[in-house]
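The working numbering numbers the first residue of the sequence shown as 5 and each following residue consecutively.
Written out below as structure tokens is the structure these notes cover.
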Amino acid sequence: MPARKSSAKKTSAKKANVKKTAVKKTAKKSAGATGSFADHHLKSRLWDRVDPDLKNRIGRLRANGRLTERALKIAKELKKEFPDATCALHHENPLQLLVATILSAQCTDERVNMVTPALFKKYPTAVDFASSPKGELEKDIKSTGFFNSKAKSVRETCRDIHERFGGKVPEAMDELLTLRGVARKTANVVRTNCFGYPGLTVDTHFKRITNLLKLTSNSDPEKIEADLANLLPPENWSHFSHSIILHGRKTCKARKPLCGECGLVKLCPSAFAHEK
Ligand code: SF4
Numbered sequence: 005m006p007a008r009k010s011s012a013k014k015t016s017a018k019k020a021n022v023k024k025t026a027v028k029k030t031a032k033k034s035a036g037a038t039g040s041f042a043d044h045h046l047k048s049r050l051w052d053r054v055d056p057d058l059k060n061r062i063g064r065l066r067a068n069g070r071l072t073e074r075a076l077k078i079a080k081e082l083k084k085e086f087p088d089a090t091c092a093l094h095h096e097n098p099l100q101l102l103v104a105t106i107l108s109a110q111c112t113d114e115r116v117n118m119v120t121p122a123l124f125k126k127y128p129t130a131v132d133f134a135s136s137p138k139g140e141l142e143k144d145i146k147s148t149g150f151f152n153s154k155a156k157s158v159r160e161t162c163r164d165i166h167e168r169f170g171g172k173v174p175e176a177m178d179e180l181l182t183l184r185g186v187a188r189k190t191a192n193v194v195r196t197n198c199f200g201y202p203g204l205t206v207d208t209h210f211k212r213i214t215n216l217l218k219l220t221s222n223s224d225p226e227k228i229e230a231d232l233a234n235l236l237p238p239e240n241w242s243h244f245s246h247s248i249i250l251h252g253r254k255t256c257k258a259r260k261p262l263c264g265e266c267g268l269v270k271l272c273p274s275a276f277a278h279e280k
């Protein structure tokens, strides 16, 4: 009897091991080559939060295995180089980030960060910005450049937020895009950094570097956004956007890319092209 008992024990242990291996295998398969089982679920959850228009545009694109693999390697390298890459514009709420993003056009983030503390103290709500006297807001944001058109954009955007959204910045992409002064890049900045949606923010660095990396051949920001969204899983989008901007400032400079110092050199078809 005891011998029988121990053999039954062994059999059930064997069964349990087989079961464990099967679960592991399924998890690995589901996660794909690039992440854990938990990552896979995270991916699915984030995918549900991708804005429907972008989903439609991605749906029309073809998948390219090699390009996807290279894009993932690039994203991994950028993660290594800039592990903490995040939004450089100081803000405490969606309205502040929206205004700071409008001010950051043709201006450095550092300059915007110098202006915004006093600005946000003076104009704490959307209606404060919307009703600011002509000339006053212009003076407050003068050092960020193009202050007349930026003041107009801030006023109009804040008027819309006050009149149509009860003073609260909307979360939905289609609603954000109805705000005068808000284009897709600004909407993605706010959605990603304040509301946790996956988003790619295509600015001039993003456009230039993704073209150099041959991850896209488009110059239209919306097409670039869809191309990259087709290559990278949503959980990579936010970090990729922040880090590619940092990479553009530090290494892949517009005037002279520093390919000799670039961590992406082996993955970049344009490496040293400017020297030829
Ligand atoms: S290798 Fe040169 S061109 Fe390519 S990403 Fe790096 S710095 Fe830019």
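Virtual Cβ for every residue (Gly too), placed ideally from N, Cα, C.
- Residue range P98 to L107 is occupied by the alpha helix (DSSP H) that includes Q100.
- C263 sits in a helix when the DSSP states are folded into three classes.
- In the DSSP assignment, the residues bridged to C256 are P261.
- Three or more beta-carbon pairs drawn from the stretch 157–168 and the stretch 100–119 are found closer than 8 Å, and the two stretches are therefore classed as touching.
- With a contact defined as Cβ atoms closer than 8 Å, R61 and A230 qualify at about 4 Å.
- For G63, the enclosing alpha helix (DSSP H) starts and ends at P56 to G63.
- With 16 or more other Cβ atoms inside 10 Å of its own Cβ, S242 counts as buried.
- Restricting attention to alpha helix (DSSP H) runs no shorter than 4 residues, the stretch 149–225 encloses them at 151–168, 177–180, 188–199 and 208–216, ordered along the chain.
- Here the alpha carbons of K80 and V54 stand approximately 21 Å from one another.
- Taking 7 Å as the cut-off, one finds no heavy atom of the ligand SF4 near enough to the beta carbon of S247.
- For T255, the shortest C-beta to heavy atom distance toward the ligand SF4 is below 7 Å.
- A direct Cα-to-Cα measurement between A67 and V158 gives close to 39 Å.
- Sixteen is the threshold: since fewer than 16 other Cβ atoms of the shown chains lie within 10 Å of the Cβ of G264, the residue is exposed.
- From the listed residues K77, L99 and R168, the smallest Cα separation to T182 is found for R168.
- For L65, the closest alpha carbon among the candidates T214, C266 and N234 is that of N234.
- Minimum Cα-Cα distance from A75 among the listed residues I145, F244 and H209 corresponds to F244.
- A distance below 7 Å between beta-carbons, with the five flanking residues on each side excluded, links S108 to the following residues of its chain, in chain order: L93 and V116.
- Judged by their CB atoms, L232 and S274 are not nearer to each other than the 8 Å cut-off.
- Secondary structure of T90 (DSSP, three-state): coil.
- Note that the C-beta distance between L82 and I248 is below 8 Å.
- Separation of K77 and R253 (C-alpha to C-alpha, rounded to the nearest whole angstrom) is 20 Å.
- Nearest to M177 by alpha-carbon distance, out of A277, H209, L204 and T148, is L204.
- If you draw a straight line from the Cα of E114 to the Cα of N240, it comes to about 25 Å.
- The Cβ-Cβ distance between K189 and V206 falls below 8 Å.
- Distances from the CA of H166 to each of D132, E96 and K211 were compared; the closest alpha carbon is that of D132.
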